[in-house]
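> Just passing along the structure, written as structure tokens.
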Amino acid sequence: MGRRRTTAGEYGDPAGHRALEALYTAHADRVLAYLLHRTDRETAQDILSETFVLAWRKSGSVPDDALPWLLASARRLLANRVRSDQRHRALTERLAVMADRTGAAEIGDAIVTRAEVAAALSALSERDREVLVLSAWYGLTAKQAAVVLGCTATAFAVRLHRARKRFGAALPRAGHARPVHGVLAQAHFTQRESA
Numbered sequence: 019m020g021r022r023r024t025t026a027g028e029y030g031d032p033a034g035h036r037a038l039e040a041l042y043t044a045h046a047d048r049v050l051a052y053l054l055h056r057t058d059r060e061t062a063q064d065i066l067s068e069t070f071v072l073a074w075r076k077s078g079s080v081p082d083d084a085l086p087w088l089l090a091s092a093r094r095l096l097a098n099r100v101r102s103d104q105r106h107r108a109l110t111e112r113l114a115v116m117a118d119r120t121g122a123a124e125i126g127d128a129i130v131t132r133a134e135v136a137a138a139l140s141a142l143s144e145r146d147r148e149v150l151v152l153s154a155w156y157g158l159t160a161k162q163a164a165v166v167l168g169c170t171a172t173a174f175a176v177r178l179h180r181a182r183k184r185f186g187a188a189l190p191r192a193g194h195a196r197p198v199h200g201v202l203a204q205a206h207f208t209q210r211e212s213a
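Quick note: the sequence shown uses our numbering, first residue 19, plus one each step.
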């Protein structure tokens, strides 16, 4: 199978734009149909867009017979999306269970229900969820989490502080007598001391 002779920036010039449009016109319907057999319409359309963005970025790697390459790319992108969604759901459920386990005696009138925790987590960015997960779920110290994120321990501590604030802001405020940071502490969002 021969590779198309292109440069990495081919789609940035007018001829490259036309080549991308021709690629989209020739194959978008079939790639979308492939995706619709595997997921809902909204996700399929998102992945279709991501597939052609990838084709644009990797214009030099798209072979002459582009359909198999596009389908393989769409398949990988969809698999990544499914894994990400599953991790998000698992995290939401686990954190909700953790919040439920703390007990009314510990958090008094500020009990946060599973649905409220799930909604608050869903409202956060992927970056904020990751910071909270590293601290709460994996129990990493600021120093350890900083290695994972490629930043300093101080930067991680700042990110964690901001993520906690955004998490607290995302929680329903009505009827919660206790400050949100107390709820977070009880929900095991405590940062361990740096090792």
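Even glycine gets a Cβ: it sits at the ideal position worked out from N, Cα and C.
Report buried or exposed for THR172, applying the criterion of at least 16 other Cβ atoms within 10 angstroms of its Cβ.
exposed
> In chain order, what residues of the same chain have a beta carbon less than 7 angstroms from the beta carbon of PRO197, not counting five sequence neighbours either side?
Note that PRO197 scores a pLDDT of 42, beneath 50, so its modelled location is shaky; the value from the coordinates is reported in the next line. Excluding sequence neighbours, PRO197 sits near nothing in its chain.
> In terms of residues, what are the limits of the alpha helix (DSSP H) holding GLY184?
This sequence places Arg at residue 184; Gly is not what is there. 171-188 is the span of the alpha helix (DSSP H), which, as asked, contains ARG184.
> Report yes if the CB atom of PHE174 is closer than 7 angstroms to the CB atom of ALA181, and no otherwise.
Going by C-beta atoms, PHE174 is not nearer than 7 angstroms to ALA181.
> Let me know the secondary structure DSSP gives HIS45 once reduced to three states.
helix
> Between LEU96, VAL80, ALA84, SER79, which has its C-alpha nearest SER67's C-alpha?
It is LEU96 whose Cα lies nearest to the Cα of SER67.
> Would you say the beta carbon of LEU95 is closer than 6 angstroms to some non-hydrogen atom of the ligand MN?
Absent from the structure shown: the ligand MN. Ligands present: none.
> Do LEU152 and THR110 have their beta-carbon atoms positioned less than 7 angstroms apart in this structure?
no
> When burial is assigned at 16 or more other CB atoms within 10 Å of the CB, is ALA154 buried or exposed?
In summary, ALA154 is buried, with 16 or more beta-carbon neighbours lying within 10 Å of its beta-carbon over all protein chains present.
> Going by C-alpha to C-alpha distance, which of ARG105, GLY157, LEU189, ARG184 sits closest to SER284?
With the chain covering 19 to 213 only, the question about residue 284 has no answer from this structure.
> Have a look at ALA84, ALA51, ARG177 and flag the residue whose alpha-carbon is nearest the alpha-carbon of ALA260.
Given that the chain is displayed from residue 19 to residue 213, the structure contains no residue 260 and the question cannot be resolved.
> Would you say the stretch 70-82 touches the stretch 96-105, given that touching needs at least three Cβ pairs under 8 angstroms?
no
> Please state whether DSSP places SER214 in a helix, a strand or coil.
Limits of the chain in this structure are 19 at one end and 213 at the other, which puts residue 214 out of reach.
> If we ignore side chains and look at the alpha-carbon of each, how far apart do ARG145 and GLY78 end up?
31 angstroms
> Inspect the beta-carbon positions of VAL149 and ARG177 and report whether they are closer than 7 angstroms.
yes
> Residue range of the alpha helix (DSSP H) that LEU66 falls in?
59-75
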